[in-house]
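Notes follow once the structure below has been shown.
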Amino acid sequence: MHLLRTQPGGFVSDDNIADLGQTPAELVILCSGDSSLALLAEAAQQLPDDYPSLRLANPMQVQNHASVDLYVDEVLRHAKVILISLHGGIGYWRYGIERLVELAERGVQLILVPGDDRPDPELSALSTVGAEERDRLWQFLRQGGLGNALDFYRCLASGYLGRDYAWEAPHTLPRTAIYHPRHANARLTDWQADWNADWPVAAVLFYRSHLQAANTGFIDVFCQRLQAAGLNPLPMAVASLKEPGCLTVVEDWLDEVGAAVILNTTGFAQSSPEAPHLRPFRRNIPVIQAICAQDNQPGWEASEQGLGPRDLAMHIALPELDGRIISRPISFKDLAWRSERSQSDVVCYRAAPERMDFVAELARRWVELARVPNADKRIALILANYPTRDGRIGNGVGLDTPAAALNILRALQAEGYPLPDTLPDSGTALIHDLLGGVTNDLDSLDLRPCHQSLGLDDYEVLFQRLPEANRQAVLERWGPPQNDPMCRDGRMMIAGLRLGLTFVGIQPARGYQVDASAVYHDPDLVPPHAYLAFYFWLRHTYGAHGVIHVGKHGNLEWLPGKGVGLSENCWPDALLGPLPNIYPFIVNDPGEGAQAKRRTQAVIIDHLMPPLTRAETYGPLRNLELLADEYYEAQLLDPRRALALQKDILALVRETRIDQELELESDADAAVWLPRLDTYLCDLKESQIRDGLHIFGESPAGRLRIDTLLALLRIPRGDGRGPQSSVLRVLAKAFDLGFDPLDCALAEPWTGRRPEVLQKIDAQLWRTAGDTRERLELYAARLIEQALEGPLEQLEEPGWEDVKAVIESLRIVVAPRLDACGPAEMRGLLDALGGRFVPAGPSGAPSRGRLDVLPTGRNFFSVDVRNLPTTTAWRIGFQSANLILERHLQDHGDHLRQLGLSVWGTATMRTGGDDIAQAMALMGVRPVWATGSQRVDDFEILPISLLDRPRVDVTLRVSGFFRDAFANLIRLFDAAVQAVAALDEPDAMNPLAAKVRSEREALLASGLDAEAAAKQAGWRIFGAKPGAYGAGVQGAIDGRLWQSREDLAEVYLNWGGYAYGGADEGTAAREQFAQRLSQVQAVLQNQDNREHDLLDSNDYYQFQGGMLAAVETLSGDKAASYHGDHSQPDLPKIRTLKEELNRVIRSRAANPKWIEGVKRHGYKGAFEMAATVDNLFAFDATTALIDDHQYALLADAYLLDPDTRAFVQQHNPDALRDMTERMLEAQQRGMWQEPGAYREALENLLLDIEEDS
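Now the structure itself:
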């Protein structure tokens, strides 16, 4: 360990010991608020010479155990009186409190008070003085001011240090005050005298403690920068926005001056996740979070991460609960002066003028949205485009992006925005209009006209405004702008279309794969000139008042730079600048939405997931089901016919290749394979799939509405009781069926009751528990439909009370919320464009029991990262860990000892930390939650005797967003790894400790020093290079820049080979990452909802597929691969990755019900098919788990079916070409090994496509 002297606002990482350099004193005051310390240091200057010796310190500067022990030994154990004022409760300094309590037992007077205005009985009860005396001291600190600080010192010394100073009780000071640098007790008129009458008023809220400590220099500078931006500042000091009295005064002042925007520098939130305020302030105006960073500026500048975990929680994640727009750091902590008397460094907040200018300009632009008439506003809609092919314009997960864009244009037209009278008549027509000009597709670039461009001279002027480092990086990587493919005749082309003064643009390519090396080795690729030109043109030539990035997600928020608290050098900051960014985004993806909020100051307008439905059955699956029904009937009546049917079933199973999906042996016994077939067919039929796409601004109607409502009621919500019960479970109970429809063996023969109403609902044979489940599903859909039309007598029957409660909840809560989504989405978007406040709301997957996220149309927030993993996530993770251990033992006959797990930030936000909880459970470690709160503040190691199996050595590959958002979980998991590695247990029972020991020895033998050897041997968390995102595999596959699976493994290792942990923030560690993966026996990824699947997204094949490719390439052996299904939180399931792929292909990808659903969406429907083919191909490239017949299934369904082919040809001919080429590529690469007649059919189709074009 290193011994470090701390510096104000500097972070001391966990492997260093902080030494405050203090000597003993009679009185020690520990304060977690720097402004309180500054006030106490100022007051200490005025104490008499005979006042007892005293020390001041911030406990946050001595965080780890070794630092606390050193401070106890050198200072605290010598004190007579110790007072600590602590924010956040015991959990924020648990070990320090434990040591203080030990000192109290030895006679030291100990006084513990909260660091804010809320009582903390758990903390205060540890004090050794009377409650009255303790609370008086607390009030001195809470009221603040120099007079109270002096009386605080006199009271302490007189009460506990044998002095006799006169002191007065705490004086109550105003909780709210207007601040003016030139007036001691300022009033509104003082500011009004300085204001420009034509300028809007920007209110600045800051903590009263800064005013009391005279720490207002940064507010003075901020006010000057606001004035330079054309805003009238009104700074207000507040004790707490949570105090109704404070808030009322602030709101009255806001109204009195007609404030146009609020700039808030206070931390935390006014509301809580359990009770969010729809509108924290009375005025309907934007609230911007201006960040007063806890770190110092040099530390922030040097950090790839940007801001630390405390700032992330206090100034970003929690303020998001109130719907605040996240901006930039406007100040940093710095040393103001040295208090020799208290031997402490007094901290002040140092202004960051350049970042202040960014925030001031952002505020001005939001005000402008409210002040400029709609007819004069220039609004740009941006459609993402990746891969950068013409068949894939308008990425938006679960969203018909072209139809959404058209709906937005129609709404803008109705509100008087500058649009022509005639708009395209469909989303598909809008895309076809866009395809009439240049796009990102380089193959056809030279053949198309360009509707707008930026001259090279103008581009050069704007390019020169970028920071020097950014300019150099672009020139080094891409050369001069003239070399860019988007440069034509001395102008940079801008892809898009102008409709009146409104612009619809195609987001530019992230880069051009001019050479393969960038894909393999360049995770933080800087954007090319054309990318810069696009956003330069938007801001400076077109003069956008605001941009709408339509749908999850574009690439701007993923450009290189700091994770949070961006600087002018960070690419999102340099390109978008301080422009209002409005972002329609699917409600179930809080992580990637948070990325846009934190890195591109986005206001999210969350939208509904696609309509949901049951997969049901079709084609050969239906034929097999009917044959199986016949077979079981014949068994009783005609055994000879039953034998013949058995052969027919087996023949059809082999013909459809379902025998491969079920891994049936050629001589399998019918008694074994028929129940397995039954289970498989039932499971496919009951799978939840999407029925088409969501259209922004519209709620599902008709059958889509009924099916979606059933999906929302299918699993329990909240506490799972009464109105929040599963509708299927309460129906099973009402019908007295005696089984759990959500947790039953689907192929089990049904021996229970057969109520007449359920018999009549389906003409097919009723013979299994799966058939019973299906009848309940059909009955529930009918019940929902009837219940929404009027009263139902059936609900009044005895035994139907629980059903009635669920249906009442449907009528009063669920259906109205779903129906409200479409109108609320468009209202939220128009409010944002009008410069009004967009209320915050929770995020999550509605079909996973999160009905609180409805209605959509809100600026969603995520989670308090300090509470993860939650107790619920621990329960699911623990259960899931046991299931994977059982499955691996069953499949391989031995315990699982080495596992690779992919962990994503967005899933962590949705679930509260299932994945990390599962990883901890596998290691035999359990989180510890602080008493009386939900905050995780430690972990405990479960003994081997309790586990009764070996611990699992878990290697994590975390996403870039997880790295940015969950530094606390990285530290928690890393600390658990090191603790387990240090245990003295048999190698066979603790493979982690065994591996760390042997690798440490090998590293020592190679010449590494002991500290470095121990650290490297203990690395178990890996991720992308700091400032970079993704796993890199998609670029290689889309660019066809690979020859073998080994190449994809190489990309995966290069992009993910950076170590993270308590002492590492992205240390280059490719060799160690490869070593870890070479020893992995199984690869796992979890999926927490069924609103998407493995073939919807490129992320699954990049992370799990990439990991499996690396593991098997490095080890030379087959590894197990598992898929954790956490979509039903009370019943997690583990399948192999192959089983899950089989399910997705049969239930969704090849299902005519899904295909008919996407056909409602024209161009974007064909896009969805092409994406499915791409992702299937990529899964095969990385995992080799796709069979020939699965390519054939999709070729038949999408390309060779005449109706579907005609649909794709009409709406998105580029997607038809892409799919055909991809299928042929699979054959050429030997992945589709024996295509037979499909080769000729697809080659002929490609010739026809080329002829047509």
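For the sequence shown, counting from 1, position 927 maps to 927 in full-length UniProt numbering; every step adds exactly one. The C-beta atom is built at its ideal place from N, Cα and C for all residues, glycine as well.
| Check | Outcome |
| --- | --- |
| Contacting residues, own chain, Cβ-Cβ under 8 Å from residue 444 (five flanking each side not counted) | 390 |
| Beta-carbon proximity check, residue 586 vs residue 607, cutoff 8 Å | yes |
| Rounded C-alpha distance that separates residue 364 from residue 725 | 49 Å |
| Residue interval of the beta strand (DSSP E) (run including residue 581) | 581–586 |
| Nonlocal neighbours in the same chain, by C-beta distance under 6 Å from residue 379, ignoring five residues either side | 502, 546 |
| Nonlocal neighbours in the same chain, by C-beta distance under 6 Å from residue 956, ignoring five residues either side | 901, 903, 1021 |
| Straight-line Cα distance separating residue 688 from residue 847 | 10 Å |
| Cβ neighbours of residue 195 in the same chain (closer than 8 Å, five flanking residues each side left out) | 201, 232 |
| Whole-angstrom C-beta distance between residue 226 and residue 266, which should lie under 8 Å | Not a contact, Cβ separation roughly 17 Å. |
| Residue 1250 versus residue 1219: straight-line alpha-carbon distance, rounded | 13 Å |
| Unbroken alpha helix (DSSP H) run spanning residue 772, endpoints | 769–789 |
| Contained alpha helix (DSSP H) runs [length at least 4] in the segment 1104–1148, N- to C-terminal order | 1106–1115, 1137–1144 |
| Pairwise C-alpha distance: residue 1136 and residue 553 | 29 Å |
| Any 3 or more C-beta pairs closer than 8 Å across the segment 526–537 and the segment 472–485 | yes |
| Secondary structure of residue 1159, DSSP reduced to three states | helix |
| Residue 1055 versus residue 1103: straight-line alpha-carbon distance, rounded | 11 Å |
| Through-space distance from residue 773 to residue 746, alpha-carbon basis | 8 Å |
| Local conformation of residue 120 per DSSP, three classes | coil |
| The segment 112–129 / the segment 965–980 touching (three or more Cβ pairs under 8 Å) | no |
| Contact belief for residue 278 with residue 839 at Cβ below 8 Å, rounded distance in angstroms | 4 Å |
| Beta strand (DSSP E) segments (min. 3 residues) lying fully within the segment 586–656 | 602–607, 612–614 |
| Residues bridged to residue 333 (per DSSP) | 349 |
| Three-state secondary structure assigned by DSSP to residue 20 | coil |
| Residue 463 (DSSP reduced to helix, strand or coil) | helix |
| Proximity below 8 Å, CB of residue 1110 to CB of residue 1068 | no |
| With 16 other Cβ atoms within 10 Å as the buried cut-off, status of residue 537 | buried |
| Residue 42 versus residue 153: straight-line alpha-carbon distance, rounded | 12 Å |
| Distance between residue 573 and residue 3 (C-alpha atoms, nearest Å) | At residue 3 the pLDDT is 42, less than 50, meaning the model places this residue with poor confidence and gives no usable figure here. |
| For residue 1062: DSSP bridge partner residues | DSSP output for residue 1062 lists no bridge partner at all. |
| Given 8 Å, three or more beta-carbon pairs between the segment 413–428 and the segment 1146–1154 | no |
| Beta-carbon spacing of residue 367, residue 835 below 8 Å | yes |
| N-terminal and C-terminal residue of the beta strand (DSSP E) that residue 252 is part of | No beta strand (DSSP E) holds residue 252; the alpha helix (DSSP H) holding it covers 244–257. |
| Rounded Cβ spacing between residue 799 and residue 827 (contact assumed at less than 8 Å) | Not quite, the Cβ-Cβ distance comes to about 43 Å (not below 8 Å), so this is no contact. |
| Beta-carbon gap between residue 523 and residue 1032 smaller than 8 Å | yes |
| Bounding residues of the beta strand (DSSP E) (the contiguous stretch that carries residue 97) | Looking at the DSSP string, residue 97 is not in any beta strand (DSSP E); the run it does join, the alpha helix (DSSP H), is 94–105. |
| Three CB pairs or more closer than 8 Å across the segment 732–747 and the segment 762–773 | yes |
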